[in-house]
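A.B. asks:
2 protein chains.
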Amino acid sequence: MTRLSELPVTTIKLNNKRMSEQIFEQLCDWIMDGTLRAGQKISEDELADRFGVSRMPVREAVRLLSAKGLVESIPYIGTTVRVLTDHEVREIYLLRSVLEPLASSKAAEYIIDVELEQLQNIQTELEKNAKLPLSLSTSKELYRLNKEFHMCMYAPSRMNTLLKIIDGLWDSIANIRMRIAYTSIYPQQMQHEHRDYIHCLKQRDGETLAQLVKKNLEFHAKQIPSIDKLFEMDQALHQ
Amino acid sequence: MTRLSELPVTTIKLNNKRMSEQIFEQLCDWIMDGTLRAGQKISEDELADRFGVSRMPVREAVRLLSAKGLVESIPYIGTTVRVLTDHEVREIYLLRSVLEPLASSKAAEYIIDVELEQLQNIQTELEKNAKLPLSLSTSKELYRLNKEFHMCMYAPSRMNTLLKIIDGLWDSIANIRMRIAYTSIYPQQMQHEHRDYIHCLKQRDGETLAQLVKKNLEFHAKQIPSIDKLFEMDQALHQ
DNA sequence: CCGGATTTGTTCGTATGTATG
DNA sequence: CCATACATACGAACAAATCCG
C-alpha cells in the first residue's frame, strides 16, 4: 500500500495566475484573431457570463487591455476594440523598424549557445507548421510561433523594457497581420528570413542581422494594404 | 436677453475621471517624487483607507501601475514599488536616445505655429521657475514643466504610440531623475537646451534637432550616477 | 425636457492563497 | 506538518451616469 505522503502532488497549481490575467490573455487572443472585431463593443456583463465569473475579473482584464492600447474605454459609456488608422499602422511599423534592429544587434552580442538551440527548435517547429495548408487555425499557429521566434531572438539582448515595448507593438497589429498572412505566401519567405537571422546570430554578426531585420520590416510594411483595402476584403468575405 | 440655448454649458464634468484613474495618478506621483520609495510594499487596504475609498479602485490603480512597470505585483503576496537596476536605467536612456530624436525630427516636419507658441509659453514658465532656489517642491515643478515641454515638443510628430512609449520611459525613471536634479545645476543647462530646440523647430530643421536631442541625452546618461551611488546618497541624507 | 432601462463604477462581505509560529 | 494570521482575489448588491423613448 502506498502511503499518502509518497503520492505525487495532485493538486496542480493552475491557479497560480489571477483569473483576471487569464481573461486578459483570452481577450487579447480574441482581439488578435478577430473574434472580437475592431470597433466592436465589449460588454463586461456579457463576458462575465460567458466566462462564468463575476464582472470584477473581467473589468480588470479590460482595464489592462486599455492600458496596452488594444481597447478604448470611456467612463460610463463603454469599451470598444481599438480601431487603428492607416497612419497608426504605419507608425507602428516605423517604430518596429527602429527598435527590432536594435534588439537584434544587442542580442547577437550577448546570445549564448543554449539560446541559439532554443531558437533553432522553434524554427524547426515553424517549418513543420508552414507545410500545412493555410487556414485560420494554421495561420494563427504560424503567427504565434513566428512571434515566439522573434521574441526569443531579441531576448538575449537583455533589454527587458525594449522587449516589452516590442511585444506591445506586435500585439497591437496582430489582427491586421494575421489577416494578411491568411491570404499570402508569407510563410515561405518567413523561413528564409529566419534562417538568415540564425546564421547571423551564430556568427555573432549583429550589424548584418540588424540590417537584415530592418530591410525585411521595411519590405513588409510596404506590403501591408491600406486599412480601407482590408475593410473591403472583409466586406467581400461576408458576401 | 440671452436665450438659454445660447449660453455655454455650465455643468463642467469634473467627475469625468474614474476614481481609479485619480488614484493611479496620485500613486504615480508618489512613486515619482519618492513618497513611495523603491522596494517599499504597497498595501491596498491601507491606501484605500487613506483615500477614503474602498479597495477596488485602489486595486485597479495598482494593476495599472503594474502594467506600466512602476510596481511589481505577485498574486496573494503583494505589491512593491519597482526597483530599477543600473542596467535597466541605462537601457531606458539608450531607448530614449533612439526614440526621442526620432520624435523630434518628425515633429520638426509637421509642427504648426500654434504649437510653437505653446512650446514657447511652457519655456517662459520654466525659466521663471528655474530662478527659484532649489528645493524638493521646485525640483518637482521643474521636472513637471520639463516633461511637459518635451512632450509638447514631440507631440507634433503625430506619432501617438511613440509618444505613449516615451511618456512611459520618462515615468519609469522619474524618481531617479528628480533626485539628481535636486542636487545639480541642471536647470541652467536645461534652459539652453530648450532654446536650441525651439530654434531648430522654428527653422523646421529636424536633422539638427534630432542630433542635438541625441547628444544631450547621451551626455545626461553619462552624468547619471550608478544606482549604488544614489543609494549611498540616500543613506547619507538619513543620517 | 424628463423618466425608465441599461451599463458602468463602487462598496462590502466572503473565499482563497501565502507566510509565520 | 498543522493551525493561525494576514493580505489579496472574487462575488453579489448597491449607486451613479448615460442613453433612448
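Chains as they are written, first to last, in numbering that gives the first Met the number 0: chain A, 0 to 238; chain B, 0 to 238.
Cβ atoms here follow ideal geometry from the backbone N, Cα and C, with glycine treated the same way.
All values reported here derive from a predicted model rather than from experimental measurement.
1) Note down the Cα distance separating Met-152/A from Glu-126/B, rounded to an integer number of angstroms.
2) Report the rounded CA-to-CA distance for Ile-165/A versus Glu-108/A, giving the unit in angstroms.
3) I'd like to check one pair, Gly-38/B with Thr-79/B: are the Cβ atoms closer than 7 Å?
4) Step through the CB atoms of chain B and report whether any lies within less than 7 Å of the CB of Ile-11/A.
5) Which class does Ser-134/B belong to by DSSP, given the choice of helix, strand or coil?
6) With a threshold of 8 Å, are at least 3 pairs of Cβ atoms found where one atom belongs to the stretch 203 to 212 of chain B and the other to the stretch 87 to 106 of chain B?
7) For Thr-137/A, tell me which candidate among Arg-62/A, Tyr-75/A and Asp-32/A has the shortest Cα-Cα distance.
8) Within a Cβ cutoff of 6 Å, which residues of the same chain sit near Phe-230/A, ignoring the five residues on either side of it in sequence?
9) Interface residues of chain B around Ala-37/A at Cβ under 9 Å?
10) If contact means a Cβ-Cβ distance below 9 Å, which residues of the stretch 203 to 224 of chain B contact chain A?
11) Applying a beta-carbon distance threshold of less than 7 Å, which residues of chain B neighbour Arg-62/A?
12) Could you name each continuous beta strand (DSSP E) segment of 3 residues or more that falls completely within the stretch 52 to 120 of chain B, going from the start of the chain to the end?
13) Using beta-carbon positions only, say whether Glu-45/B and Val-57/B come within less than 7 Å of one another.
14) Tell me Lys-40/A's beta-bridge partners as DSSP assigns them.
15) Given this structure, state the Cα-to-Cα distance separating Met-150/A from Thr-123/A, to the nearest angstrom.
16) Label Ala-180/A either buried or exposed according to how many other C-beta atoms from any shown protein chain fall within 10 Å of its C-beta, with 16 as the threshold for buried.
17) Would Gly-77/B pass as a contact of Lys-40/B if the rule is Cβ separation under 7 Å?
18) My understanding is that Arg-89/B touches Ala-220/B, with C-beta atoms under 8 Å, so please give their C-beta distance in whole angstroms.
19) Which of helix, strand or coil does DSSP assign to Asp-204/A?
20) Assuming Leu-63/B contacts Arg-17/A (C-beta within less than 8 Å), just tell me the rounded distance between them.
21) Pick helix, strand or coil for Ser-156/B, following the three-state DSSP scheme.
22) In terms of residues, what are the limits of the alpha helix (DSSP H) holding Ile-179/A?
23) Taking all protein chains shown into account, do 16 or more other C-beta atoms lie within 10 angstroms of the C-beta of Arg-176/A, making it buried, or fewer, making it exposed?
24) Look at the alpha carbon of Gln-222/A and the alpha carbon of Gln-188/A, and state the distance between them as a whole number of angstroms.
25) Between the stretch 67 to 92 of chain B and chain A, which residues of the former have CB atoms less than 8 Å from a CB of the latter, in chain order?
26) Establish whether the CB of Glu-5/B and some CB of chain A are separated by less than 7 Å.
27) Based on Cα-Cα distance, which residue from Ala-129/B, Lys-130/B and Asp-85/B lies nearest to Asn-264/A?
28) Using DSSP with H/G/I as helix, E/B as strand and the rest coil, what is Arg-2/B?
29) Any beta carbon from chain A within less than 7 Å of Met-158/B's own beta carbon?
30) By the three-class DSSP mapping on this structure, what secondary structure does Ser-183/B have?
31) Inspect the beta-carbon positions of Leu-141/B and Asn-128/B and report whether they are closer than 7 Å.
32) Does Ile-121/A come within less than 7 Å of chain B when only Cβ atoms are used?
33) Measure from the alpha carbon of Glu-20/B to the alpha carbon of each residue in Arg-54/A, Gln-25/A and Ser-65/A, then state which is nearest.
34) If I measure Cβ to Cβ from Arg-49/B and keep anything under 8 Å in the same chain, skipping five residues before and after, which residues do I get?
35) Shortest alpha-carbon distance to Val-70/B belongs to which of Pro-224/B, Asp-227/B, Asp-28/B and Glu-147/B?
36) Excluding the five sequence neighbours on either side, which residues of its own chain have a C-beta within less than 6 Å of the C-beta of Tyr-110/B, listed in chain order?
C.D. replies: From the atom records:
1) 46 Å
2) The alpha-carbon of Ile-165/A is positioned some 19 Å away from that of Glu-108/A.
3) yes
4) Because Ile-11/A sits at a pLDDT of 37, beneath the cut-off of 50, its placement in the model cannot be relied upon, and the point is left open.
5) coil
6) yes
7) Asp-32/A
8) none
9) Correct list: empty, because the minimum Cβ distance to chain B is about 16 Å.
10) none
11) Glu-59, Arg-62 and Leu-63
12) With a minimum length of 3 residues, the continuous beta strand (DSSP E) runs that stay inside the stretch 52 to 120 of chain B are 70 to 73 and 77 to 80.
13) no
14) Thr-79/A
15) Between the alpha carbons of Met-150/A and Thr-123/A lies a distance of about 16 Å.
16) buried
17) yes
18) 7 Å
19) coil
20) Leu-63/B to Arg-17/A, Cβ: 14 Å. No contact.
21) Annotated three-state conformation of Ser-156/B is helix, per DSSP.
22) 173 to 180
23) buried
24) Approximately 13 Å between the Cα atoms of the pair.
25) Cβ contacts with chain A: Lys-67, Gly-68, Pro-74, His-86, Glu-87, Glu-90 and Ile-91.
26) Model confidence at Glu-5/B stands at a pLDDT of 36, short of 50, so the residue's coordinates are unreliable and nothing is read from them.
27) Only positions 0 to 238 of chain A appear in this structure, which leaves residue 264/A out of reach.
28) In this prediction, Arg-2/B has a pLDDT of 37, which is less than 50 and means its spatial position is unreliable; what the coordinates show is noted afterwards. Of the three classes helix, strand and coil, the one that applies to Arg-2/B here is coil, per DSSP.
29) yes
30) Three-state DSSP puts Ser-183/B in coil, outside helix and strand.
31) Yes. Within cutoff.
32) no
33) If you compare the alpha carbons of Arg-54/A, Gln-25/A and Ser-65/A with that of Glu-20/B, the shortest gap goes to Ser-65/A.
34) none
35) Asp-28/B
36) For the record, residue 110/B in the displayed sequence is Ile; it is not Tyr. Hits under 6 Å: Pro-155 and Leu-200.
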